[in-house]
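Protein chains in written order, with this note's numbering: chain X, 1 to 111; chain U, 1001 to 1108.
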Amino acid sequence: SQKIEQNSEALNIQEGKTATLTCNYTNYSPAYLQWYRQDPGRGPVFLLLIRENEKEKRKERLKVTFDTTLKQSLFHITASQPADSATYLCALAGGYQKVTFGIGTKLQVIP
Amino acid sequence: EAGVTQSPTHLIKTRGQQATLRCSPISGHTSVYWYQQALGLGLQFLLWYDEGEERNRGNFPPRFSGRQFPNYSSELNVNALELEDSALYLCASSYEQYFGPGTRLTVT
């Protein structure tokens, strides 16, 4: 069955460093992959979308890579700030617009 | 441009009752997706509506149903509520998944 894995444990990082979050998937051929930020009790906020034929996408301090051979996406936040503390979700969209979300990784940026 | 709106913000029901949740997508968006997020769990895909029709549904029992109206707003109905239906219900607009703030459903 299709499976998405994200670091289930929280990631603690010092302010100013680069945070790297991982999303691995199996039994899936996604057309595109998305990353979201979710704060407690709120809806996820769309951050970046990367298509299967793209290797890398950037937006301000964010960078996403997509390796369809390794079946992995990496999400980087450079120069991390305490305000970046949140849960980050990866989502894959495959056939017929069905979107599957990972459970998310909680990032804590320590001042 | 107004974002995705959902109502109500909170809903408290008792077991066996029915709940109705509403969602309005971003203006111009024709697709609405519904998700359930139980505490500590990931988002579980419930339903996808586009152009007024149900296009896909997740692995949920038939007591979870909904519809999409001509103005593309959508309604999620949950019948015969069970305690485990307590969750944050999220609606998203378009394939890029712009989410609303969610409806917190509590079943007692």
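Ideal placement from N, C-alpha and C gives every residue a C-beta, glycine not left out.
Contact of Glu1051(U) with chain X is not assigned, every C-beta pair being separated by 8 Å or more. Non-local C-beta neighbours of Ser1024(U) in its own chain, meaning closer than 6 Å and more than five positions away in sequence, comprise Thr1005 and Ser1073, ordered along the chain. When C-beta distances to chain U are compared with 8 Å, the residues of the region 61-91 of chain X below that value are Leu89 and Ala91, in chain order. Ala86(X) and Gln6(X) have their C-alpha atoms roughly 14 Å apart.
Taking C-alpha positions only, Pro1070(U) is separated from Gln1037(U) by approximately 27 Å.
DSSP, read as helix, strand or coil, puts Asp84(X) in helix. The C-beta of Leu1081(U) comes no closer than 8 Å to any C-beta of chain X. At a cut-off of 3 residues, the continuous stretches assigned as beta strand (DSSP E) that sit fully inside the region 1028-1094 of chain U are 1031-1037, 1044-1050, 1053-1057, 1064-1068, 1074-1078 and 1087-1093. In this structure Gly1058(U) does not touch Ile1026(U) by the C-beta definition: roughly 22 Å separates them, more than the 8 Å allowed.
In terms of Cβ geometry, Tyr1089(U) and Trp1034(U) form a close pair [threshold 8 Å]. In this structure the region 1077-1093 of chain U does not lie against the region 25-37 of chain X, because fewer than three pairs of beta carbons, one per stretch, are closer than 8 Å. For Leu11(X), no chain U residue has a Cβ inside 8 Å of its Cβ, as the nearest lies near 17 Å away. Here the alpha carbon of Lys1013(U) sits roughly 19 Å from the alpha carbon of Phe1060(U). When Cβ-Cβ separations below 8 Å define contact, Pro44(X) makes contact with chain U.
Against Val99(X), the close residues of chain U are Tyr1033, Tyr1035, Leu1043, Phe1045, Trp1048, Ala1092, Tyr1095 and Gln1097, in the order they occur along the chain (beta-carbon pairs closer than 9 Å).
The beta carbon of His1010(U) sits closer than 6 Å to the beta carbons of Arg1104 from its chain, once the five residues preceding and following it are set aside; these are given in chain order.
Taking 8 Å as the CB threshold, Pro1101(U) lines the interface with chain X.
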